[in-house]
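Here the numbering used here is used: the first residue of the sequence shown is 79, the next is one more, and so on.
We treat Cβ as the ideally placed atom computed from N, Cα and C, and that holds for glycine.
Note that this is a predicted model, so its numbers are computed, not measured.
Structure record follows, encoded as structure tokens.
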Amino acid sequence: MRVPFVDLRAQYEGIRQEIERSVLATIERADFILGEELRRFEGDFARFCGVRFAVGVGSGTEALELAMRACGVGAGDEVITAANTYMATVEAIWRVGATPVLVDVSARNHTIDIAEIERFLTARTRAIVPVHLYGQSADMASILEIGRKYDLKVIEDACQAHGARYNGRTVGSLGDIGCFSFYPSKNLGAYGDGGMIVTNNEGYADKIALFRNHGQREKYHHVVKGTNGRLDTLQAAVLRVKLAHLEEWNTARRRHAKYYGELLERIGLRGPHVEGYGEHVYHLYVIEVEDRDRLRAFLGQQGVETGIHYPIPVHRQKAFRDSHPGSREYPVTDALSGRIISLPLYAELDDGQIRYVVEMIARFYGR
Ligand SMILES: *Cc1c(COP(=O)(O)O)cnc(C)c1O
């Protein structure tokens with residue numbers, strides 16, 4: 079049996095007609111830049127998140143960068159984020175000229191360790207960027223509380239958590255600005271790059287709409303220093319079709335995660351810890367194991383593709399070391415990077431494949 083890590087082809091088979099109709103209609107309309115489908119998708123996504131404004135941008139990385147610029151984060155500022163994240167979170171902080179300050183993650187759910195944040199605050203701290211890692215919300219009540227107490231902006235990196243909830247509210251809608259990626263393999267993925275910011279703050283939404291379009295509201299009248307950072311109309315045409323399926327896909331992901339958890343328990347392993355305050359959307363299904371690298375190799379031989387998120391933590395990357403010499407140690411993140419493995423998980427997976435993955439894990443450990 080073969081169990082690929084992601085299967086975008088299988089997803090396409092289920093929505094082929096809708097996608098083709100939507101894409102072709104956009105090509106016929108030929109409004110490729112800031113067109114009709116983008117406007118509609120922004121409206122639909124804002125409603126989905128329960129916010130007033132959504133602005134489509136070129137990628138998740140760009141969403142984070144423009145969000146920080148809109149909040150006035152720049153040179154000389156420090157921005158707190160989680161040590162266990164994808165490099166893009168840190169890249170966006172660098173891009174606005176600010177300094178990333180990494181905080182270790184909780185050993186329990188792998189999101190930013192709330193108890194640690196206050197130790198890292200200085201007079202220069204301007205913002206916190208919590209990362210809703212793997213599809214699970216960070217502890218937003220505590221983060222918003224710290225934000226209020228120290229007058230910090232809270233910019234959510236929701237790039238892995240489309241539709242995840244925290245105490246009933248959709249992530250991305252809780253802080254000052256929420257940022258999403260539509261990288262093809264995300265829970266809501268484009269057929270190329272794409273991103274979105276969501277907010278209830280009209281001023282921020284306006285600024286980001288200006289930044290992404292060369293700083294102009296009116297053609298050739300450039301009122302602020304902008305860039306070319308728009309979400310393509312064609313990508314929006316794909317994403318709007320897919321958004322209508324997202325709840326159903328996330329529900330399937332949760333069902334598969336539950337099944338994995340039951341089967342893993344029978345062989346003495348544990349599924350991911352899930353916090354009680356939220357609804358996990360399982361962008362990634364990450365478990366901790368002994369002898370991880372040999373297990374991965376064995377699963378690969380048996381046709382099961384797996385991933386590691388992430389094998390080399392941010393603070394151990396050359397790019398980070400070079401610009402932040404003498405950076406701190408992050409024991410939890412370091413320990414996790416040697417133990418975590420991401421198993422295949424997506425809506426189109428079937429129970430037989432899940433059983434096969436767990437059977438192969440059991441065979442490896444001789445259970
Ligand atoms: C994917 C991702 C990003 C970046 O998104 P892109 O669209 O690839 O630029 C940022 N942060 C996290 C946590 C991500 O998973």
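Just the C-alpha distance for residue i and residue j, rounded to the nearest angstrom, thanks.
i	j	result
A205	A103	42 Å
D122	R318	7 Å
Q95	F442	42 Å
F398	I105	42 Å
H361	N291	30 Å
E426	E325	14 Å
I195	A413	19 Å
R417	V364	10 Å
G378	V436	13 Å
E407	L230	24 Å
V316	K396	36 Å
F119	R130	13 Å
Q238	E280	25 Å
S100	Q89	16 Å
Q431	I390	29 Å
H393	M165	10 Å
N306	W327	32 Å
So, helix, strand or coil for residue i, using DSSP?
i	result
A108	coil
H300	strand
I418	strand
I171	helix
V319	helix
F376	helix
V101	helix
V364	strand
E96	helix
E325	helix
G339	helix
R295	strand
R308	strand
V81	strand
V382	strand
E357	strand
D371	helix
V151	coil
E407	coil
Y90	helix
Start and end of the alpha helix (DSSP H) containing residue i?
i	result
C127	114 to 127
E194	192 to 195
F442	429 to 443
F398	396 to 401
G138	138 to 148
With C-beta atoms as the reference, is residue i less than 8 Å away from residue j?
i	j	result
L309	V135	yes
F273	C257	The sequence given here places Gly at residue 273; Phe does not occur at that position. Cβ atoms of G273 and C257: closer than 8 Å.
D254	V232	yes
Q214	V84	no
I192	V183	no
T329	L116	no
T384	I419	yes
A287	V151	no
E234	G250	yes
V174	F198	no
Y355	Y244	yes
L144	T167	no
Q313	A268	yes
L321	F126	yes
D155	A170	no
S259	S137	yes
N162	T411	yes
L421	Y338	yes
G357	A242	Going by the sequence as given, residue 357 is Glu instead of Gly. It is a contact, given that the beta carbons lie within the stated cut-off.
V81	T159	no
H210	A185	no
A148	K285	yes
R107	E114	yes
What are the boundary residues of the beta strand (DSSP E) that residue i is part of?
i	result
L180	177 to 181
T159	156 to 160
A132	131 to 135
Which runs of the beta strand (DSSP E) at least 3 residues long sit entirely within the segment 268 to 293? Give them in chain order. Annotation note: the segment 268 to 293 contains the following uninterrupted beta strand (DSSP E) runs of length 3 or greater, listed N- to C-terminal: 273 to 277.
Which runs of the beta strand (DSSP E), 3 residues or longer, sit entirely within the segment 182 to 267? Qualifying beta strand (DSSP E) stretches, in chain order: 203 to 207, 231 to 235, 255 to 259.
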